[in-house]
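One structure is given below, encoded as structure tokens.
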Amino acid sequence: MFDRRLIHCFDWGLLVLTCLLAVCGLSTLYSATTAGAGVQKMLYIKQLTWYGAGLVVMVISFLFHYKQLDRYALLVYAASVGLLLVVLLLGRYIAGSKRWLVLGPISVQPSEVAKIAVIIVLARYYSRKLNPGGLTLRELLQPIGIVLLPFLLIVKQPDLGTAMLIFLIAASMTLFAKIEKRSLISIFIAATAAVPGVWMFLKGYQKQRILTFLDPNRDPLGAGYHIIQSKIAIGSGMLLGKGYQQGTQNALSFLPEQHTDFIFSVLSEEWGFVGSAIVILLFLALIFWGLKIAQRSREPFGAMLAFGITAMIFWEAFINMGMVMGLLPVVGVPLPFISYGGSSNIIMMLSIGILLNISMRRFMYE
Numbered sequence: 002m003f004d005r006r007l008i009h010c011f012d013w014g015l016l017v018l019t020c021l022l023a024v025c026g027l028s029t030l031y032s033a034t035t036a037g038a039g040v041q042k043m044l045y046i047k048q049l050t051w052y053g054a055g056l057v058v059m060v061i062s063f064l065f066h067y068k069q070l071d072r073y074a075l076l077v078y079a080a081s082v083g084l085l086l087v088v089l090l091l092g093r094y095i096a097g098s099k100r101w102l103v104l105g106p107i108s109v110q111p112s113e114v115a116k117i118a119v120i121i122v123l124a125r126y127y128s129r130k131l132n133p134g135g136l137t138l139r140e141l142l143q144p145i146g147i148v149l150l151p152f153l154l155i156v157k158q159p160d161l162g163t164a165m166l167i168f169l170i171a172a173s174m175t176l177f178a179k180i181e182k183r184s185l186i187s188i189f190i191a192a193t194a195a196v197p198g199v200w201m202f203l204k205g206y207q208k209q210r211i212l213t214f215l216d217p218n219r220d221p222l223g224a225g226y227h228i229i230q231s232k233i234a235i236g237s238g239m240l241l242g243k244g245y246q247q248g249t250q251n252a253l254s255f256l257p258e259q260h261t262d263f264i265f266s267v268l269s270e271e272w273g274f275v276g277s278a279i280v281i282l283l284f285l286a287l288i289f290w291g292l293k294i295a296q297r298s299r300e301p302f303g304a305m306l307a308f309g310i311t312a313m314i315f316w317e318a319f320i321n322m323g324m325v326m327g328l329l330p331v332v333g334v335p336l337p338f339i340s341y342g343g344s345s346n347i348i349m350m351l352s353i354g355i356l357l358n359i360s361m362r363r364f365m366y367e
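According to the working numbering, the stretch in the sequence shown is residues 2 to 367, in order.
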């Protein structure tokens, strides 16, 4: 029998915040794909289609009890790893990376599925291992293995941005679960010692991105071009911006990847500091809302799952905005709900659906 309390506890605030960000994204994407000579209106139409599919996925994801994800977590994880293996064998190369599987008229990015799969399986593990003293190094070996497998497969594509994102999400969830003090110190020392080895492991273009981040003017027409044009666009917006579809960096095609990684630069140029601040505040409200859902959850798996999803949204938004403002290296991470992308937006809508699911069933554990 249908429980009417589910309707009474439905989280309308979370839904409204998501819709506001989606509207900001669609309006900015329309400007990014139709202003100036390089009209790409078909991308906007595709994005509308992705949002329609995302809404369906979101509704489906809050109809069943979220505890079912605990039961099928290992299956979801295995399927995501399988997709990552398939994309290495049969994936399509785009801009030097093998990240997409072509399924008829659509392309799927399995690394996006891997993010939510890692969150679900870590939530399952940590919800069973919670203790006041914190996790020991031995108890952390299994989570390290869980994260390391998709991390290495995604690095192989290569997609260092998404791989690092998975690492940051996992690290955030691990700290939320609590680590034994002695184990935390040991991990910090080991990570610090590994930095030189990581630098040697990086490919030439990845090292170039980091060096360009430190000094964009060392190659202004090459590796530094993206970030220089992005900072010009953001700075030229000033307080109130140049107006909708009036941004010259966008219209004259000086700004590269204006509909994906650098879409926040388009928004900042057109709406200025005020418009940018409003979008940042919407993201902060969404993040605090997600943390509130995690805090109110009386059931460990729900709390860990809600925190993991919130960490994913935070890190994606933080890295993308930091990247386009020159505060972080350019790593190709999209801005949630704003950037163009099918797989990324559907996974984000799925994640919001899971948050709604956890929030509306909180009464079952009170």
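A virtual CB, placed ideally from N, CA and C, is assigned to each residue, including glycine.
For this session: Just tell me which of Pro159, Ile61, Arg129 and Lys47 has its CA closest to the CA of glycine 92.
Result: One-based indexing of the sequence shown puts residue 92 at position 91. Looking at the Cα atoms, Pro159 is the closest of the given residues.
query: According to DSSP, which residues form a beta bridge with leucine 453?
result: The structure shown has nothing for residue 453, since the chain only spans 2 to 367.
**Report entry** As assigned by DSSP and simplified to three states, the class of leucine 328
**Finding:** Translated into the one-based positions of the sequence shown, residue 328 becomes position 327. Of the three classes helix, strand and coil, the one that applies to leucine 328 here is coil, per DSSP.
ask   = Under 9 Å, do isoleucine 339 and cysteine 25 count as touching if we go by C-beta distance?
value = As a working mapping, residue 339 is identified with position 338 in the sequence shown. As a working mapping, residue 25 is identified with position 24 in the sequence shown. Yes, Cβ-Cβ distance for isoleucine 339 and cysteine 25 is below 9 Å.
Can you list the beta strand (DSSP E) stretches of 3 or more residues lying completely in the segment 273-348, in chain order?
none
Counted within 10 angstroms of its Cβ, other Cβ atoms place isoleucine 359 as buried (16 or more) or exposed: Along the sequence shown, one-based indexing puts residue 359 at 358. Isoleucine 359 is buried by the Cβ-count criterion.
Practice item. Taking only the alpha-carbon atoms, compute the straight-line gap between glycine 309 and glycine 53 and give it to the nearest angstrom. Key: Translated into the one-based positions of the sequence shown, residue 309 becomes position 308. Translated into the one-based positions of the sequence shown, residue 53 becomes position 52. Rounded to the nearest angstrom, the two C-alpha atoms are 25 Å apart.
Let me know the alpha helix (DSSP H) ranges lying completely inside the segment 7-60, each 4 residues or longer, listed in chain order.
13-35
| task | Mind reading off the beta-carbon distance from leucine 283 to leucine 22? Whole number of angstroms is fine, and I expect it under 8 Å. | result | Here residue 283 refers to the residue found at position 282 when the sequence shown is read from its first residue. Here residue 22 refers to the residue found at position 21 when the sequence shown is read from its first residue. The Cβ separation is near 5 Å, so the contact holds.
Per-residue burial, lysine 243 [other beta carbons within 10 Å of its own, 16 or more giving buried]: Here residue 243 is taken as the residue at index 242 of the sequence shown, counted from 1. Lysine 243 comes out buried.
- Message: Please identify the residue among Leu154, Met361 and Leu75 whose C-alpha is closest to the C-alpha of leucine 90.
- Response: Within the sequence shown, numbered from 1, the residue matching residue 90 stands at position 89. It is Leu154.
Practice problem: For glycine 291, collect the residues of the same chain with a Cβ closer than 7 Å to its Cβ; drop the 5 residues on either side in sequence, then sort them by chain order. | Solution: Counting from 1 along the sequence shown, the entry for residue 291 is found at position 290. Counting only Cβ-Cβ distances below 7 Å, and skipping sequence neighbours, we find Ala307, Ile310, Thr311, Ile314 and Leu356.
Under a three-way DSSP split, which group does tyrosine 94 fall into? The sequence position of residue 94 within the sequence shown is 93, counting from 1. Under the three-state reduction of DSSP, tyrosine 94 is assigned to strand.
Looking at the C-beta of histidine 260, does it have a partner C-beta in chain D at a distance below 9 Å? Chain labels in this structure do not include chain D; a single protein chain is all it has.
At a cut of 8 Å, does the segment 128-148 reach the segment 319-327 through at least three beta carbon pairs? no
Considering only residues of the same chain and omitting the five flanking positions on each side of valine 325, which have a CB-CB separation below 6 Å? In the sequence shown, residue 325 corresponds to position 324, counting from 1. The residues are Ser231, Phe263, Phe265 and Ser266.
Under 7 Å Cβ to Cβ from glutamate 140, same chain only, skipping five residues before and after it: list those, please.
Mapped onto the sequence shown, residue 140 falls at position 139. The residues are Lys130.
*asked:* Can you tell me whether histidine 66 is buried or exposed? The criterion is at least 16 other CB atoms within 10 Å of its CB, across all chains shown.
replied: Counted from its first residue, the sequence shown places residue 66 at position 65. Exposed, by the Cβ-count rule.
Quiz prompt | Span separating the alpha-carbon of alanine 178 from that of valine 87 | solution = Looking up residue 178 in the sequence shown gives position 177. Looking up residue 87 in the sequence shown gives position 86. Each residue's Cα considered, the two are about 32 Å apart.
Original post:
If you compare alpha carbons, which of Met361, Ile353, Arg362 and Arg363 is closest to cysteine 20?
Top reply: As a first step, residue 20 must be located in the sequence shown, where it is residue number 19. Selected option, being the one with the closest Cα: Ile353.
- Task: Work out the CA separation of cysteine 10 and glutamate 270 for me, nearest whole Å.
- Result: Counting from 1 along the sequence shown, the entry for residue 270 is found at position 269. Counting from 1 along the sequence shown, the entry for residue 10 is found at position 9. Computed Cα separation, rounded: 40 Å.
**Q.** Nonlocal neighbours in the same chain, by C-beta distance under 6 Å from serine 345, ignoring five residues either side
**A.** Position 344 of the sequence shown, counted from the start, is the residue given in the question as residue 345. Excluding residues within five positions, the ones whose Cβ falls inside 6 Å are Glu113 and Pro335.
Nearest to arginine 5 by alpha carbon, out of Trp51, Leu64, Thr50 and Met59? For the purposes of this step, residue 5 is taken as residue 4 along the sequence shown, with counting starting at 1. Comparing Cα-Cα distances from arginine 5 to each of Trp51, Leu64, Thr50 and Met59, the minimum goes to Leu64.
| query | Of the residues Val119, Ile46 and Ile186, which one's Cα is nearest the Cα of alanine 164? | reply | Locating residue 164 in the sequence shown gives position 163, counting from the first residue. Nearest option by C-alpha distance: Val119.
| task | With a threshold of 16 other CB atoms inside 10 Å of the CB of valine 122, please say whether the residue is buried or exposed. | result | Residue 122 sits at position 121 when you count from the first residue of the sequence shown. Under this definition valine 122 is a buried residue.
*For glutamine 69, which option in Leu329, Met349, Val331 and Phe302 has the closest C-alpha, if you only look at C-alpha atoms?*
As a working note, residue 69 is residue 68 in the sequence shown. Closest by alpha carbon: Phe302.
According to DSSP, what are the bridge partners of isoleucine 107?
The residue you call residue 107 lines up with position 106 of the sequence shown. Answer is Leu104, bridged to isoleucine 107.
With a CB to CB cut of under 7 Å and the five nearest residues on each side skipped, what residues in its chain are close to isoleucine 288?
As a working note, residue 288 is residue 287 in the sequence shown. Once the five neighbours on either side are set aside, the close Cβ partners of isoleucine 288 are Thr311, Ile314 and Phe315.
Notebook entry, point to check: Whose C-alpha, out of Gly162, Lys47, Tyr78 and Val58, is nearest the C-alpha of isoleucine 107?
Noted result: Against the sequence shown, residue 107 aligns to sequence position 106. Comparing Cα positions, the closest option is Lys47.
Self-check item: Closest by C-alpha distance to leucine 169, when choosing among Glu317, Ile233 and Gly342
Solution: Within the sequence shown, residue 169 is the residue found at index 168, counting from 1. The residue with the shortest Cα to Cα distance from leucine 169 is Glu317.
*For lysine 99, which beta-bridge partners are listed by DSSP?*
As a first step, residue 99 must be located in the sequence shown, where it is residue number 98. Bridge partners of lysine 99: Tyr94.
| Do methionine 361 and aspartate 12 have their C-beta atoms within less than 9 Å of each other? | On the sequence shown, residue 361 is found 360 positions in, with the first residue counted as 1. On the sequence shown, residue 12 is found 11 positions in, with the first residue counted as 1. Yes, these two residues count as a Cβ contact at 9 Å.
Discussion item. Within a Cβ cutoff of 6 Å, which residues of the same chain sit near leucine 102, ignoring the five residues on either side of it in sequence?
Written reply: Sequence index remark: in the sequence shown, residue 102 carries index 101 (1-based). Same-chain partners within the cutoff: Val88, Gly92 and Val109.
request  = Over the uninterrupted alpha helix (DSSP H) stretch that includes glutamine 69, give me the two end residues.
outcome  = The residue you call residue 69 lines up with position 68 of the sequence shown. Glutamine 69 -> alpha helix (DSSP H) spans 68-72.
When burial is assigned at 16 or more other CB atoms within 10 Å of the CB, is glutamine 296 buried or exposed?
In the sequence shown, the residue the question calls residue 296 occupies position 295. Classification for glutamine 296: exposed.
Quick one: grab the DSSP three-state call for leucine 64. Counted from its first residue, the sequence shown places residue 64 at position 63. Note: leucine 64 maps to helix in three-state DSSP.
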